[in-house]
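Below is one structure, written out as structure tokens, with a few remarks after it.
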Amino acid sequence: VRSDNALSNITATNNTCSYNGGHGIHIRCSISLDNVTANNNTCSNNSDDGIFIGERWGGTPMSYFTINNNTCDNNGHNGIWVRSSDNLSNIIANNNTCSYNYEHGIHIRSETMMSNITANNNTCSYNGDDTYESGIFMGGWADVPQENITMDNNTCEGNAYAGIYLGAYPLSNATITNNTCSDSSYYGLYIESDDFVDNLTLDSNTCENNYDSGVYVEADSLYNAVLRNNVCSYNDISNSGYAGIDIYLDYAENVTIDNNTCDYNGWNGIWI
């Protein structure tokens, strides 16, 4: 589906779109895109992305996407890619299987603003062939703020960079719980901001056997954060001075680190 104008109320369900020379499913427009549903599709072994939903040119706001229960494996780029250079909001990507893709499993990206993004119950493992290619990659091209981000119960193992990567400038109200992010070539769970991070919850994640840190939070400042009940053991396989939980900041206020298990890491268990 493509248009040089606005698109709204697009539904793609129960399709099999595999072994194509481009994308499996490709939905794009130039003005605005909203109310898109892509559910229960199989889009594997395509030369480009399994499912691509985005813009043709810059300046396209996008909102209210539901991308659930798709299988997007072994694609030449991303399993699922949602892309906008304008505001991106109210995106739900749940219960997808996106593994063995050449780039990211699920890739959600904006150049302006990201808000109300949910990614739950996905399996995104063994993705990527290069740096920054992750199981779930959520971020922007430049100084892109993100708010109201939820990621729960995802399995992201054996990815080239991180199991889950979240990059925002700044980041507000992120809840990341019950995920398994293990056996990555760099980090299990990586949160990065060149600005502040406020209201961050990392609870009951398992981040083991990663080459560098299990959980890595890097920001200018961190406010109102809770890191609780996480299992971050057997990390820093590289023996390069990383940790089970590694927090690198200029300033922190009201941060709670409670009831985590950080054993048998190459350097520190918890490092702030």
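Numbering follows the working numbering, in which position 178 of the sequence shown is assigned residue number 392; successive positions increment by one, without gaps.
Quick reminder that beta carbons are idealized off the backbone N, C-alpha and C, glycines included.
6 angstroms Cβ shell around residue i - same chain, five flanking residues per side excluded
| i | result |
| --- | --- |
| Met328 | Leu302, Gln360 |
| Val445 | Thr420, Thr475 |
| His321 | Asn292, Trp295, Phe351 |
| Asp472 | Arg442 |
| Tyr381 | It should be noted that the sequence gives Gly, not Tyr, for residue 381. Gly353, Glu406. |
| Asp366 | Asn334, Thr391, Asn392 |
CB contact flag (residue i, residue j, <7 angstroms)
| i | j | result |
| --- | --- | --- |
| Thr227 | Asn253 | yes |
| Asn413 | Ser386 | yes |
| Asn479 | Gly455 | no |
| Phe410 | Ser427 | no |
| Val431 | Thr415 | no |
| Gly487 | Gly349 | Residue 487 lies beyond the stretch modelled for the chain, which goes from 215 to 486, so this question has no answer here. |
| Cys257 | Gly235 | no |
| Asn362 | Asn330 | yes |
| Glu422 | Tyr400 | no |
Host beta strand (DSSP E) of residue i (start-end)
| i | result |
| --- | --- |
| Trp485 | 482 to 485 |
| Asp412 | 410 to 417 |
| Gly402 | 401 to 406 |
| Gly268 | 265 to 269 |
| Val296 | 294 to 298 |
| His321 | 320 to 324 |
| Val445 | That residue, Val445, is in no beta strand (DSSP E); it is neither H nor E in DSSP. |
| Glu361 | 360 to 366 |
| Ala388 | 385 to 391 |
| Ile281 | 276 to 282 |
8 angstroms CB neighbourhood of residue i in its chain, flanking five on each side removed
| i | result |
| --- | --- |
| Tyr340 | Ser313, Tyr314, Glu371, Gly372, Asn373 |
Secondary structure of residue i, DSSP reduced to three states
| i | result |
| --- | --- |
| Ser435 | strand |
| Asp460 | strand |
| Ile239 | strand |
| Val215 | coil |
| Ser303 | strand |
| Ile471 | strand |
| Asp248 | strand |
| Asn253 | strand |
| Ile378 | strand |
Beta-carbon proximity list for residue i, same chain, < 7 angstroms, skipping 5 on both sides
| i | result |
| --- | --- |
| Asn468 | Tyr437, Asn438 |
The ligand FMN heavy atom lying under 6 angstroms from the CB of residue i
| i | result |
| --- | --- |
| Asp434 | Only the bare structure without any ligand can be found here, which leaves the ligand FMN out of the picture. |
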